[in-house]
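Engineer: Submitted below is the structure of interest, expressed as structure tokens.
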Amino acid sequence: MSFGPRTTRKWFEEIKTQLSQSNLKDFRLLTQYCKPSTEIVEMASESKADLILMGGYRHRVLLEWLTGSTVDAVLRNTPLSVLIV
Numbered sequence: 062m063s064f065g066p067r068t069t070r071k072w073f074e075e076i077k078t079q080l081s082q083s084n085l086k087d088f089r090l091l092t093q094y095c096k097p098s099t100e101i102v103e104m105a106s107e108s109k110a111d112l113i114l115m116g117g118y119r120h121r122v123l124l125e126w127l128t129g130s131t132v133d134a135v136l137r138n139t140p141l142s143v144l145i146v
């Protein structure tokens with residue numbers, strides 16, 4: 062599976078369409094190149110988010126176990142609720 066810029070853009074557009082059809086009052090999809098956990102926590106704080114939604118499935122379980130994951134870092138560094146799907 063490839064995750065280049067085109068694939069990522071297409072995936073975000075699909076998610077945006079699905080979210081706009083839901084009952085959510087306000088949502089934002091934010092993309093930036095950075096240390097993911099730090100940026101997620103900062104953006105959630107700056108945008109006064111109520112919840113952080115993250116995907117938790119990865120193919121490199123051993124590597125994440127050794128180095129820690131983005132989800133782990135977010136959980137350790139935010140007071141917000143985090144929903145992992």
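Heads up: the sequence shown begins at 62 in this note's numbering, then just goes up one per residue. For glycine and all other residues, C-beta sits at the position ideal for the given N, C-alpha and C.
#1: Following a CB-centred definition, is Gly116 positioned closer than 7 Å to any heavy atom of the ligand ATP?
#2: For the segment 107-114 and the segment 75-86, state whether three or more C-beta atom pairs, one from each stretch, are separated by less than 8 Å.
#3: Helix, strand or coil for Leu141 per DSSP?
#4: How long is the line joining the alpha carbons of Asp131 and Phe73, rounded to whole angstroms?
#5: What is the DSSP secondary structure of Leu85, counted as helix, strand or coil?
Structural biologist: From the atom records:
#1: With respect to the ligand ATP, the structure offers nothing, as it holds no ligand at all.
#2: no
#3: coil
#4: For the record, residue 131 in the displayed sequence is Thr; it is not Asp. When rounded, the distance between both Cα atoms is 19 Å.
#5: coil
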